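Student: A single structure is presented below for examination.
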Amino acid sequence: MASSSLILSRRDLDFLLHEWLDVEALTKRPRFTEHSRETFDAVLDLAAQVATDHFAPHNRTADENEPRMVDGKVVLVPEVARALAVFAETGLMAGSFDEEFGGMQLPHTVGQAVLAWFQAANIGTSAYPFLTMANARLLLAHGSREQIDTFVAPMVEGRWFGTMALSEPQAGSSLADITTKAERQDDGSYRLTGNKMWISGGDHELTENIVHLVLAKVPGGPAGVKGISLFVVPKVLVGDDGSLGERNDVVLAGLNHKMGYRGTTNTLLNFGEGVHTPGGRAGAVGYLVGEENRGLTYMFHMMNEARIGVGVGASVLGYTGYLHALDYARTRTQGRPAGAKDPASPMVPIVEHPDVRRMLLAAKSYAEGGLALGLYCARLVDEEQTAESAEERDRAHLLLDTLTPIAKAWPSQWGLAADDLAIQVHGGYGYTRDYPVEQFYRDNRLNPIHEGTQGIQSLDLLGRKVVLQGGAGLVLLTETITATTARAAGTEWAGFAADLDAALARLGAVTATLWGTGDPDLALANSHVYLEAAGHVVVAWLWLEQALATGSGTGAFYEGKRAAARYFWRWELPRTGAQFDLLESLDRTVLDVDPAVL
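Anchor point for the sequence shown: position 78 equals 69 in the numbering used here, and the numbering is continuous, going up by one each time.
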């Protein structure tokens, strides 16, 4: 079933996990000693089956019947709840969590591959457990024991879902400007008042409770982001014995109607509106996570995980689009080879036309390259958490921190490009609702926007990640990539390695040039181009890694990997030359343009 799936390639996952990333080696570490290659494969088999049987079938249904607000409640197609119930019953929600919480203690790398099946099958439905798992992990890292006991266990079991409530209508991504207020109470709780916008999974009837993680400011705190605190705000209050009590003062004010990703309800929430008054007074009851004024630091624990997950989701949406396009191109007959002289000769499958093969190779290189990037970052999470020495853990943390904006942004741009190409391969049919590729494109179009836009990721990469600690992150990335290019010397990939070394050297030189101006505005004006170029260098590296990992393997799968690696080397890596030229010129076009003339 999974081997010929149009959702995702199990063969590719096996290659990435076992032949390249060697996840089986993790079973030698204390946390994963109960696991083996067989247990990892069994969980992946289960994920493929549940995604295929319960998530993929209602992907179009949920798109065509978007969430509705009826009498103050969200109405979804019933298949969403049924699929999520199966997901929870199989224990997949708990996959990476500790055994203490009913989890399987799977490596994060395997857990990310498991989730990829569901993101590819139905991104809208998979968002609910995706957000819930990230919410639970944040509380495990920063919550009190009482908060963990009260809120984490029901989420890991799939009885409750979780959200992250950051944005506000007037603030958007500028979290320094949020106005939601949290006032201390005598019993140690807080009362929250304010509005939150774009809250995915913010309200529904799928579970008996929803655990909101809310950013708010305590009166008297510092201005800007330094005054942001984080609170647990349940939809329904929870008693000391874990029983559900009265409704909290959190009100669904409206739904956002989206271009795609429609299966995930997206909400405007009002906190402290007075519709519900716990204990007889208005204000949503919230519980402080950690310390006051450290909320953004805590929330980034969830946001960084979400950013890598968004990148994987963007990659696999591009991947399923590519697989559908490949299947169509192999079966759709049209035209004849350019050299064919006889108009009466049979038409050929369109995959025989070179330009169609170009589009398929490009889509393959983007989708498989993005998935490799996401799983590599997941492997770094496992290193950061379980490597034997502190030095190895610190190294993994620094490299992951440096790569995170690329892991979110590059697949969000190029996974979308893969879906664009999938539509093009289908021709006119791709622009209709008769084939699923147009939905994949609409669903994927969200990914360059949420969890930090492309522009925000570019500012994070160039403005922070490559200059922190004296540029230690960029130095480490450079060392890691050159270790790969050194291994390629003397192989058939030596030319690829040499070109990658040259591009990497330019990345370092351009970074120094930009920051050598002493003018942050000028340095960051073209940060988006920097992000694109750096992303292509990183993904070229991962394609070289994959090419080397094919070894002397024979057959269509390995030849396909090598073809995609050659494509990325010859067609994609050269893009960075013009981008580095532009950056090196310190061009002021976008910086100096008068907004009045736009």
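We put the CB at the ideal spot given by N, CA and C, even for glycine.
From a predicted model like this one, the values you see are computed outputs, not experimental measurements.
1. Applying the criterion that 16 or more other CB atoms from any shown protein chain within 10 Å of the CB defines a buried residue, is Ser356 buried or exposed?
2. Let's test the definition: count the other Cβ atoms within 10 Å of the Cβ of Ala485 and tell me whether it reaches 16, buried, or not, exposed.
3. Taking the alpha-carbon positions, what's the Ser0 to Leu314 distance?
4. Using a Cβ-Cβ cut-off of 8 Å (strictly less than) and excluding sequence neighbours within five positions of Gly251, which residues of its own chain qualify?
5. If you measure between the beta carbons of Ser449 and Ser518, is that distance less than 8 Å?
6. Grab the span of the alpha helix (DSSP H) containing Ala316 for me, first residue to last.
7. Starting from the N-terminal side, write out each stretch of the beta strand (DSSP E) that is 3 residues or longer and does not extend beyond the stretch 80 to 159.
8. Among the residues of its own chain, which have a CB less than 6 Å from the CB of Gly236, if the five just before and after it don't count?
9. Look at the alpha carbon of Ile629 and the alpha carbon of Trp151, and state the distance between them as a whole number of angstroms.
10. Taking the C-alpha atoms as reference points, what is the distance between Asp36 and Gly361?
11. In angstroms with no decimal places, state the Cα-to-Cα distance between Ala(-7) and Gly254.
12. Just curious, the beta strand (DSSP E) that Asn261 is in, first and last residue?
13. Return the Cβ separation of Ile219 and Asn284 in integer angstroms, given the expectation that the two are a contact with Cβ distance under 8 Å.
14. Are three or more beta carbon pairs between the stretch 314 to 330 and the stretch 372 to 387 nearer than 8 Å?
15. Looking at the secondary structure, which residues open and close the alpha helix (DSSP H) in which Lys208 lies?
16. Taking the alpha-carbon of Thr258 as reference, which of Gly281, Ala297 and Leu157 has the nearest alpha-carbon?
17. What number of angstroms, rounded off, separates the C-alpha of Val241 from the C-alpha of Phe109?
18. Excluding the five sequence neighbours on either side, which residues of its own chain have a C-beta within less than 6 Å of the C-beta of Asp615, listed in chain order?
19. By DSSP, does Met350 sit in helix, in strand, or in coil?
20. What residue range is occupied by the uninterrupted alpha helix (DSSP H) comprising Ala493?
21. For the putative contact between Ala354 and Gly312, defined by C-beta atoms under 8 Å, what is the C-beta separation to the nearest angstrom?
22. Answer yes or no: do Gly464 and Leu389 have a C-beta to C-beta separation smaller than 8 Å?
23. Buried or exposed: where does Trp189 fall if 16 or more other Cβ atoms within 10 Å of its Cβ makes it buried?
24. Check the DSSP bridge columns for Asn517 and list the partner residues they point to.
25. Which partner residues of Ser191 appear in the DSSP bridge assignment?
26. Would DSSP call Leu8 helix, strand or coil?
27. So the candidates are Arg51, Phe31, Glu383 and Gln325; which of them puts its Cα closest to the Cα of Tyr426?
28. Report yes if the CB atom of Leu204 is closer than 8 Å to the CB atom of Met293, and no otherwise.
29. Could you please give me the residues that DSSP links to Thr184 through a beta bridge?
30. Taking the C-alpha atoms as reference points, what is the distance between Leu574 and Leu505?
31. Which of the three DSSP states, helix, strand or coil, is assigned to Ala275?
32. At a cut of 8 Å, does the stretch 268 to 287 reach the stretch 127 to 137 through at least three beta carbon pairs?
33. How about the stretch 162 to 170 and the stretch 256 to 276: do they share at least three Cβ pairs that are nearer than 8 Å?
34. What first and last residue would you give for the alpha helix (DSSP H) that runs through Phe559?
35. Exposed or buried, which one is Leu589 when buried takes at least 16 other CB atoms within 10 Å?
36. Comparing alpha-carbon positions, which option in Asp62, Pro120 and Ala538 lies nearest Glu80?
Tutor: So, from the data block:
1. The count along the sequence shown starts at 1 and reaches residue 356 at position 365. So Ser356 counts as buried.
2. The sequence position of residue 485 within the sequence shown is 494, counting from 1. In the assembly as shown, Ala485 is an exposed residue. Its beta-carbon has fewer than 16 other beta-carbons within 10 Å.
3. Locating residue 0 in the sequence shown gives position 9, counting from the first residue. Locating residue 314 in the sequence shown gives position 323, counting from the first residue. Taking the Cα positions, Ser0 is about 8 Å away from Leu314.
4. Along the sequence shown, read from residue 1 onward, the residue named residue 251 stands at position 260. Cβ neighbours of Gly251 beyond the five flanking positions: Asp54, Gln430, Tyr432, Arg433, Asp434, Asn435, Arg436 and Leu437.
5. Taking the sequence shown and counting its residues from 1, the one referred to as residue 449 is at position 458. Taking the sequence shown and counting its residues from 1, the one referred to as residue 518 is at position 527. Their beta carbons are under 8 Å apart, which means Ser449 touches Ser518 by this criterion.
6. If you number the sequence shown from 1, residue 316 lands on position 325. It spans Gly286 to Thr322 - the alpha helix (DSSP H) in which Ala316 sits, taken as one unbroken run.
7. The stretch 80 to 159 contains, as complete beta strand (DSSP E) runs of 3+ residues, the segments 151 to 156 (chain order).
8. Here residue 236 corresponds to residue number 245 of the sequence shown, with the count starting at 1. So the qualifying residues of the chain are Leu228 and Gly230.
9. For the chain, the structure presents residues -8 to 589; residue 629 sits outside this window and is missing.
10. For this step, residue 36 is matched to residue 45 along the sequence shown. For this step, residue 361 is matched to residue 370 along the sequence shown. Taking the straight line from one Cα to the other gives about 22 Å.
11. The count along the sequence shown starts at 1 and reaches residue -7 at position 2. The count along the sequence shown starts at 1 and reaches residue 254 at position 263. With a pLDDT of only 41 at Ala(-7), under the threshold of 50, the placement of this residue in the model should not be trusted, and no figure is reported.
12. The residue given as residue 261 occupies position 270 in the sequence shown. For Asn261, the enclosing beta strand (DSSP E) has its first and last residue at Asn257 to Phe262.
13. The sequence position of residue 219 within the sequence shown is 228, counting from 1. The sequence position of residue 284 within the sequence shown is 293, counting from 1. The pair is a contact, with the Cβ atoms about 7 Å apart (cut-off 8 Å).
14. In short, these stretches do not touch, since the Cβ pair count stays below three.
15. If you number the sequence shown from 1, residue 208 lands on position 217. Careful: Lys208 lies outside any alpha helix (DSSP H), inside the beta strand (DSSP E) at Asn200 to Lys208.
16. Residue 258 sits at position 267 when you count from the first residue of the sequence shown. Ranking Gly281, Ala297 and Leu157 by Cα distance to Thr258 puts Leu157 first.
17. Counted from its first residue, the sequence shown places residue 241 at position 250. Counted from its first residue, the sequence shown places residue 109 at position 118. Roughly 30 Å separates the two Cα atoms.
18. The question about residue 615 has no answer, for the chain in this structure spans -8 to 589.
19. The residue given as residue 350 occupies position 359 in the sequence shown. It is helical.
20. Here residue 493 refers to the residue found at position 502 when the sequence shown is read from its first residue. Unbroken alpha helix (DSSP H) run through Ala493: Ala485 to Trp506.
21. The count along the sequence shown starts at 1 and reaches residue 354 at position 363. The count along the sequence shown starts at 1 and reaches residue 312 at position 321. Taking 8 Å as the upper bound for CB-CB distance, Ala354 and Gly312 are in contact here, some 7 Å apart.
22. In the sequence shown, the residue the question calls residue 464 occupies position 473. In the sequence shown, the residue the question calls residue 389 occupies position 398. Cβ distance < 8 Å, so Gly464 and Leu389 count as in contact.
23. Taking the sequence shown and counting its residues from 1, one reaches residue 189 at position 198. Buried.
24. By 1-based counting over the sequence shown, the position of residue 517 is 526. According to DSSP, Asn517 shares a beta bridge with no other residue.
25. The residue labelled residue 191 in the question sits at position 200 within the sequence shown. In DSSP, Ser191 forms a bridge with Asn257.
26. Taking the sequence shown and counting its residues from 1, one reaches residue 8 at position 17. It is helical.
27. The count along the sequence shown starts at 1 and reaches residue 426 at position 435. That would be Arg51, whose Cα lies nearest to the Cα of Tyr426.
28. Locating residue 204 in the sequence shown gives position 213, where the first residue counts as 1. Locating residue 293 in the sequence shown gives position 302, where the first residue counts as 1. In this structure, Met293 lies closer than 8 Å to Leu204 by Cβ.
29. Within the sequence shown, residue 184 is the residue found at index 193, counting from 1. For Thr184, DSSP records a beta bridge to Lys172.
30. Sequence index remark: in the sequence shown, residue 574 carries index 583 (1-based). Sequence index remark: in the sequence shown, residue 505 carries index 514 (1-based). Near 7 Å, if we compare the C-alpha coordinates of Leu505 and Leu574.
31. Here residue 275 corresponds to residue number 284 of the sequence shown, with the count starting at 1. When DSSP states are grouped into helix, strand and coil, Ala275 belongs to the strand group.
32. Yes, the stretch 268 to 287 touches the stretch 127 to 137.
33. Using a Cβ-Cβ distance cut-off of 8 Å, the stretch 162 to 170 and the stretch 256 to 276 are not in contact, since fewer than three pairs of beta carbons, one from each stretch, lie closer than that value.
34. Residue 559 sits at position 568 when you count from the first residue of the sequence shown. It is not in any alpha helix (DSSP H) - Phe559 carries neither H nor E in the DSSP assignment.
35. Position 598 of the sequence shown, counted from the first residue, corresponds to residue 589. Around the beta carbon of Leu589, fewer than 16 other beta carbons lie within 10 angstroms, which makes this residue exposed.
36. Here residue 80 refers to the residue found at position 89 of the sequence shown. Ranking Asp62, Pro120 and Ala538 by Cα distance to Glu80 puts Pro120 first.
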